[in-house]
Amino acid sequence: MCPHGKLHHWNPADSPIEFAPLQPRYTPDKPDGFTWRDWLIRGLHTAAELEHLLMVQYLYAAYSVGGEQLSESDQRFAGGWQDILLAIAKEEMGHLLTVQNILCFVGGPVRFDRDVEAGVAPFPFRLEPLSADSIARYICGEMPEFAATLLSPQVSAKDLELIKKWIQEGKRSRHAGPPVGELYKLLRAILANPEYVDDSEFRPETYAFQASWDDWGRGYRPPPAGPDGRRPPLPGDGKTPAMVLAEVLIDRVSTRTEALAALDHISGQGEDPKLHAHEIYEESHFVHFLDLLYEFDGAKGESLVRNVPVDPTTELDERHRRPGTTPITQVHSHRWAKLFNLRYRLLLAYLTHSFRHARVADAAAPNTRGLLMHRVFGEMYNIKTLSGLLVRMPLTHEPGDQGPKGRRAGPPFELPYTLSAPLDETDRWKQYRDVLSGAQQICNELLESEGNGERIGPREGAAYLRALLQLDQQTLVWIDGILAGLHPSLGTRS
Amino acid sequence: MTIVELRILPPLAIGRLGSSPEPLANYTLEDDPEHPLDFRKIRALESFVVDPNTGEVSLQTPASVSFKDAQGKIRPVAPFLEAFAVTDKGELVPLTVPLLKSLGLEPAAISWRVTVANRKVARRTGDENDAVKADTGWFSNHHVTHLRGHSPHFVSDKSIAFGSVRYIRPTQRFPEIRLRFTPATGAIYGPHLTGTPAAPDPVPGQHHVPPERAVYDPKKGTWFGFGVTKNSTRPQPNRFVLKGYEWVGDDDPPFVSETLPPSLFSIYPPAPCWLNDNIAVSRGYLDDACDGIVEVRLKLKTGKPLTAVARISSGPPMVVPDTLFVRTLADDLDQVIHGPLLPEGELDEQTRERALDIVRRAFETVRFLNVAVMNGNPIHGRNPLDFDTMPAEEAFDVQRSLRPIVSERTADTLAIMALHQQVYTALQGGAAPWFANLLRRPDQVGDFTDYGRRKMPAMMCGADGGYLALTWRQIRTLYAAARLPFPSESAEKHEVEGTSDVLRPGTLTPRNRSAQLHYAAAGNPLSTRPVSSVANCTPGLELDLRAVWRRIFQGIVLREYDNLVVEVDEKSFENLLGHRLLKVNDTVVTTQLQGPSPASTSQSVLLATGANPDAIAPLEWSNCLAFILRDFAGSKVTCTFSAEPSWDEPLQYVKGATMLTQELVVREFFEGETAMISRDLARPGELTQGLCSPWQNDYRECSCYYWASARPDFVNVEAQPDGTSAGDNWLQKKRTGEYVPDDYADQRLVGYDDLFDHWEELLKFQIAGRDDPDDPTQGSK
């Protein structure tokens, strides 16, 4: 997979670029007012948020590649990049769940927010179309600290300059931090030391409640080696290269050793500079991004990327809009983008709820937790579909945006006004009812416009809306049944 | 214009049994674009009514379709077969009276002949005299011609009524030349026991075969009492003492080829046989299902007559008429027609549409599966081995502990169905099928690791006894769709010759096999067509398609489910009898069963047992030989056989081992340019011979993980207050909303003899996932 061929270790003095090792921002010091355990939990929260941030940025980058105007061969090329980015995003999801498991183990609350302060994330959060610049940032985010010594002389000087630029900006800027791996080193340093966190602080009994690969992995891991010790061939249709497959890691932990191994596992998948891997499963994100940068440059990558905005937003009021964001103002695109946000909100809500139910549900029988897990995946499919639709919709009403070369909208991934869930179970389900009803309202508005002869989006959008409406209606009936079971007066729908 | 060739369309028509005197009305299935996730809607179409006296047809359009009549009898599905002419202009046109007259001919120049058979007993006993055959001879009249099945092993004046055929009298309004096949009533026949050795004492409630249907003479044949007994591992003729079920014959009984699954016939209790050490002693029952050949002949004024052929079969009703199974007979036959890859030049739109259709049928199928039970979950704390599921079958076959397939807490029917519907919704929105790599390849059906078992389709059985795989063509469709760009805004729908859409057949031409196969003859409901028949034939419901592969290599006959050569047609191949076919060119025809290593989830081990030390599993022929058939039909291939006969032990290809090779010709699958399965591949009766005898036995015995939407399991499903699914077992006598898991002993479930006696009342049609509200037998039995 790596086009560079073999790499050579070289003397940093021979490097074509100047490189100063990054100083990790996290040291085993802790601020006043925190115990080590609390500080560990704080760090794990940051890790979870980082994984979430990275995941949505990679997803956005993935959906930005391609384009209907591309030739068939370019479509396939871009499709290969999309596969890589989606695989990495899936793996970040695995990291996110593993971090939640470690949080359960150390007795901390789960965290699905994305509110990392400046200077902590390796680069500022930015939903942007794939570019050499963004890939360079991703490399910096995932690189191991000694990466400079491993960069191949075959990587172009231009690419190295980009990477160098982001490393140096990271040193200067308050807005960019060290690679993600540095945080995991800090977490590891705290967790490894019984003087910081004693064994008595751990909650091994939470193992049963933690997210498991069985529940969440969905088949994304290498096939087992055959009885002869060989791995079976990668799936493919014989004509196109085998699709890049994610190897989703979701580790459950019941001991300190397992927790440390889980942290190492995450780090390794992110930054391991195993550039000689023969199999696609074993390449780290760092290596994938290096390969991607190389290919992107070689293929004049910009031509294979859609004209999607940076940080699209549904916020139309300038006063409330975050600086640097791009409003989606075309009326139908705006509605689709709001629908997207609602599905994202549902996904996060179902996810959090499933963790809550883990502690009360019988593992050996179908239960609400299992059903909520399915709902999470259902919303992931909506995210996928809506992303694919949004990147083909006009950004604004301006004439220049209506044609095939016009600016396009994109999935905004905006967080809801709150990720806090109601305390009462009944109120949680009513919240779902509210969000789904809101989604139905938007679907109906779009379909009404379509019925009035307006073009609401790509041709298949209307068929999707009809199916989604029906699916959501089934879900509402399902929720009403649950509510009636919780409180007989609350079930209303038939 | 002249006629150069005749055809009969459709080339395969499925009839369905029922005792109502009035056949089922014509109907089709429609989707509601506003509610794309709904059950398909049954829409009545114009139906032919045949005047009993004249044989003429008239049209009527019923307001709705009722599957049972007012007396609760099931309406049989009686297909029409139409004669077509290939003209000298290369067109395929209906053969009509005006066309005949233009050639100076009358309808009497047309004659028909129908030969059908029920070979179910012969398949088990290996005795050709147990085949029950009917032959009408050539006829040109318009009377009802009965299909009377005779066997040398019947009492001399007795026969089985296989139904009837009628050459429909053409009229001015309906001048087409057509024949109607009306299947039998679904009756059970049995042994004539007067004056024979004592039978086991009747069990209370045991089905009683009335004298007029006691046709089989136990003094002539061995079917009564046939089976597997104590101290024998092979099925045996009845040279034993019935009461003791002991084998008292030779030490080395002659080889009799068992079916797969084994002992597919009604037995003396306890049943099923696996509740009783696999002892299976036949009650000697037969049924009135059949399959065979319809021939039409046109005597021209000069020259040789023109003839054409088609196949008919009769089988159980389509009890879930608004649902199509994820892999149907149409899929398998389409793979034969088009090959396992996609047609060159197929438009993206068509690939995408087919991908959508597959996913649609996936969620339709899953609706009727009690996923929790089929997953191998413990039910009410009971041992999951008590219930017939794929994990249980797997555990028995490989002698390992049962493992649920997916996490138990996620195994819920409504949730899984909703997830499938979500996938379908995503595809509707232009998302590419991202899950193509999660499909099970046909050569991976023996992968019993969690990685393999969780591939899709999940929890169901394939024709080889392993986990179900789709056809190669279906899999390629999804892979191809996964790589398609987003739909073009300017794309228009085009008809591409040869590309099938089973619900909307393409242009009918002499060379378009696909359009011929899926042709909807006037008056024929959808349940007459291959799309209504399951394809994972273990052994199947309407047809056992495995049977056609037996003779795919000229000169030898394979066992339908594995690589044993059971017969040879040519003396020069006698040396191959009893040998195992291991490889055809480079295609190995077996796989090995592998499961999780106890040491590591990233490794697997062979699931060897004492009886199967190399863990060999046969691959189902339909997929295994798909490429061979595509590339070598009519040509020779190099077949590699085991060096020695191996009647009982499965063998596999081992590089470097001593083996026999023989060049054999691959037969053509269809006859000429028709879509008629070649007569060289299957004689009358062979397409149904692997099915259960009687078929009602299979409805009791084979659990829904074979054909979830055709032999349903979970019906009347609703969400409970905790969100999980609740419903009834299709076979439970009282609908309570509380599913009764099937351990084959629970008396709350319909039993074998209940079905033998009252199958028409007890088998409830399912409409929109629920018991048909129009069923007049609701509340009875």
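Residue numbers (the numbering used here), protein chains in the order written: chain A, 66 to 559; chain B, 2 to 782. By construction, the Cβ of each residue, glycine as well, lies at the ideal position given by its N, Cα and C atoms. None of the values given here were measured: they were computed from a predicted structure.
What are the start and end residues of each continuous beta strand (DSSP E) run of 3 or more residues lying completely inside the stretch 680 to 756 of chain B, in chain order?
For the stretch 680 to 756 of chain B, the full-length beta strand (DSSP E) segments reaching 3 residues or more read 715 to 720, 726 to 730 along the chain.
Any beta-carbon of chain A closer than 8 Å to the one on Arg-484/B?
Within the second sequence, the letter at position 483 stands for residue 484/B. Yes, Arg-484/B lies at the interface with chain A (some Cβ there is under 8 Å from its Cβ).
So Pro-184/B is in the beta strand (DSSP E); what residue range does that whole segment cover?
Along the second sequence, one-based indexing puts residue 184/B at 183. Run containing Pro-184/B: 179 to 184, per the beta strand (DSSP E) assignment.
Chain A contact for Leu-403/B (CB, 8 Å cutoff):
The residue you call residue 403/B lines up with position 402 of the second sequence. Judged by the 8 Å Cβ criterion, Leu-403/B is not in contact with chain A.
Exposed or buried, His-552/A, counting other C-beta atoms within 10 Å across all chains shown (16 or more means buried)?
Position 487 of the first sequence, counted from the first residue, corresponds to residue 552/A. With fewer than 16 other Cβ atoms within 10 Å, it is exposed.
Unbroken alpha helix (DSSP H) run spanning Ile-507/A, endpoints
Position 442 of the first sequence, counted from the start, is the residue given in the question as residue 507/A. Run containing Ile-507/A: 490 to 516, per the alpha helix (DSSP H) assignment.
Cβ-based neighbour list, Arg-99/B, same chain, cut-off 8 Å, excluding 5 preceding and 5 following:
Sequence index remark: in the second sequence, residue 99/B carries index 98 (1-based). Before going further, note that residue 99/B is Pro rather than Arg in the sequence given. Same-chain partners within the cutoff: Pro-176.
By how many angstroms is the C-alpha of Tyr-700/B removed from the C-alpha of Ala-187/B?
The count along the second sequence starts at 1 and reaches residue 187/B at position 186. The count along the second sequence starts at 1 and reaches residue 700/B at position 699. The question names Ala, but residue 187/B is Gly in the sequence shown. In a straight line, the C-alpha of Gly-187/B is about 13 Å away from that of Tyr-700/B.
Give a yes or no on whether the minimum CB-CB distance between Leu-420/B and chain A is below 8 Å.
Taking the first residue of the second sequence as 1, we reach residue 420/B at position 419. So yes, Leu-420/B belongs to the interface.
Own chain, CB closer than 6 Å to Tyr-125/A, minus 5 neighbours either side, in chain order:
Reading the first sequence from its first residue, position 60 is the one you call residue 125/A. Excluding sequence neighbours, Tyr-125/A sits near Leu-192.
For His-160/A, would you say it is in contact with chain B, using Cβ-to-Cβ distances shorter than 8 Å as the test?
Reading the first sequence from its first residue, position 95 is the one you call residue 160/A. With 8 Å as the cut-off, His-160/A does not count as an interface residue toward chain B.
Please state if the CB of Asp-288/B and the CB of Ala-20/B are separated by a distance shorter than 8 Å.
To locate residue 20/B, count along the second sequence from 1; it is residue 19. To locate residue 288/B, count along the second sequence from 1; it is residue 287. Residue 20/B is actually Ser in this sequence, not Ala. Not a contact, by the Cβ cut-off of 8 Å.
Taking just the CA atoms, how far does Leu-119/A sit from Cys-703/B?
Translated into the one-based positions of the second sequence, residue 703/B becomes position 702. Translated into the one-based positions of the first sequence, residue 119/A becomes position 54. Answer to the nearest angstrom: the Cα atoms are 50 Å apart.
From the DSSP output, in three-state form, read off Val-51/B for me.
Residue numbering aside, residue 51/B sits at position 50 when the second sequence is read from its first letter. Three-state result, Val-51/B: strand.
Below 7 Å on C-beta distance, what does Gln-539/A contact in chain B?
Here residue 539/A is taken as the residue at index 474 of the first sequence, counted from 1. In chain order: Ala-419.
I'd like the list of long-range same chain contacts for Gln-61/B, defined as Cβ closer than 7 Å, with 5 residues on each side in sequence excluded.
Sequence index remark: in the second sequence, residue 61/B carries index 60 (1-based). Counting only Cβ-Cβ distances below 7 Å, and skipping sequence neighbours, we find Ser-48, Val-50.
Can you tell me which of Trp-760/B, His-381/B, Asp-681/B, Glu-762/B puts its alpha carbon nearest to the alpha carbon of Ile-294/B?
Stepping through the second sequence from its first residue, residue 294/B is reached at position 293. Looking at the Cα atoms, Asp-681/B is the closest of the given residues.
Do you know offhand how far Val-133/B's Cα is from Ile-161/B's?
Within the second sequence, the letter at position 132 stands for residue 133/B. Within the second sequence, the letter at position 160 stands for residue 161/B. When rounded, the distance between both Cα atoms is 8 Å.
Residue nearest to Gly-686/B in terms of C-alpha spacing, selected from Leu-96/B, Glu-31/B, Val-117/B, Leu-30/B
Taking the first residue of the second sequence as 1, we reach residue 686/B at position 685. Between Gly-686/B and the set Leu-96/B, Glu-31/B, Val-117/B, Leu-30/B, the nearest pair of CA atoms involves Val-117/B.
Does the CB of Gly-752/B have a neighbour CB from chain A at under 8 Å?
Counted from its first residue, the second sequence places residue 752/B at position 751. No, no contact with chain A.
Given a cut-off of 8 Å on the beta-carbon distance, is the pair Pro-63/B and Thr-529/B in contact?
Here residue 63/B refers to the residue found at position 62 of the second sequence. Here residue 529/B refers to the residue found at position 528 of the second sequence. In this structure, Thr-529/B does not lie closer than 8 Å to Pro-63/B by Cβ.
Within chain B, partners of Gln-535/A - CB distance below 9 Å:
Stepping through the first sequence from its first residue, residue 535/A is reached at position 470. Under the 9 Å cutoff, chain B gives Glu-35, His-36, Pro-37, Leu-38, Asp-39, Gln-422, Thr-426.
With 16 as the cutoff for other CB atoms within 10 Å, does Arg-581/B come out buried or exposed?
Within the second sequence, numbered from 1, the residue matching residue 581/B stands at position 580. Arg-581/B comes out buried.
Chain A contacts from the stretch 598 to 611 of chain B (Cβ-Cβ distance under 7 Å)
Legend: CB atoms of the stretch 598 to 611 of chain B lying less than 7 Å from CB atoms of chain A belong to residues Thr-602, Ser-603, Gln-604, Ser-605, Val-606, Leu-607.
Output yes if chain B places a C-beta closer than 8 Å to the C-beta of Trp-543/A; else output no.
For the purposes of this step, residue 543/A is identified with residue 478 of the first sequence, where counting begins at 1. Trp-543/A counts as touching chain B.
Candidates Leu-404/A, Met-438/A, Glu-336/A, Gly-503/A: which alpha carbon is nearest Thr-417/A's?
On the first sequence, residue 417/A is found 352 positions in, with the first residue counted as 1. Checking every option, the nearest Cα to that of Thr-417/A belongs to Met-438/A.
Mind listing which residues of the stretch 763 to 774 of chain B have their C-beta closer than 7 Å to chain A's C-betas, in chain order?
none
Backbone secondary structure at Gln-467/A - three-state DSSP
Position 402 of the first sequence, counting from 1, holds the residue named residue 467/A. Correct three-state label for Gln-467/A: coil.
Grouping DSSP H, G and I as helix and E and B as strand, with all else coil, what is Glu-296/B?
The residue you call residue 296/B lines up with position 295 of the second sequence. Three-state DSSP puts Glu-296/B in a strand.
Thinking C-alpha only, which one of Asp-70/B, Leu-370/B, Leu-479/B, Arg-179/B is nearest Tyr-740/B?
As a working note, residue 740/B is residue 739 in the second sequence. For the residues Asp-70/B, Leu-370/B, Leu-479/B, Arg-179/B, the minimum Cα distance to Tyr-740/B belongs to Leu-370/B.
Please confirm if Arg-631/B has its CB atom under 8 Å from at least one CB of chain A.
Here the question's residue 631/B lines up with position 630 in the second sequence. No, Arg-631/B lies away from the interface with chain A (no Cβ there is under 8 Å from its Cβ).
Applying the criterion that 16 or more other CB atoms from any shown protein chain within 10 Å of the CB defines a buried residue, is Gly-294/A buried or exposed?
As a first step, residue 294/A is located in the first sequence; it is residue number 229 there, counting from the start. That one is exposed.
Which stretch, first to last residue, makes up the alpha helix (DSSP H) that contains Trp-281/A?
Here the question's residue 281/A lines up with position 216 in the first sequence. Taken as a continuous stretch (DSSP letters only), the alpha helix (DSSP H) holding Trp-281/A covers 278 to 281.
Which residue from Leu-544/B, Leu-546/B, Leu-578/B puts its Cα closest to that of Gly-556/B?
Position 555 of the second sequence, counting from 1, holds the residue named residue 556/B. Cα-wise, what sits closest to Gly-556/B is Leu-578/B.
Do Ala-110/B and Leu-96/B have their beta-carbon atoms positioned less than 8 Å apart in this structure?
As a working note, residue 96/B is residue 95 in the second sequence. As a working note, residue 110/B is residue 109 in the second sequence. Contact: no.
By the 9 Å beta-carbon criterion, what residues does the stretch 698 to 732 of chain B contribute toward chain A?
Glu-719, Ala-720, Gln-721, Pro-722, Asp-723, Gly-724, Thr-725, Ser-726
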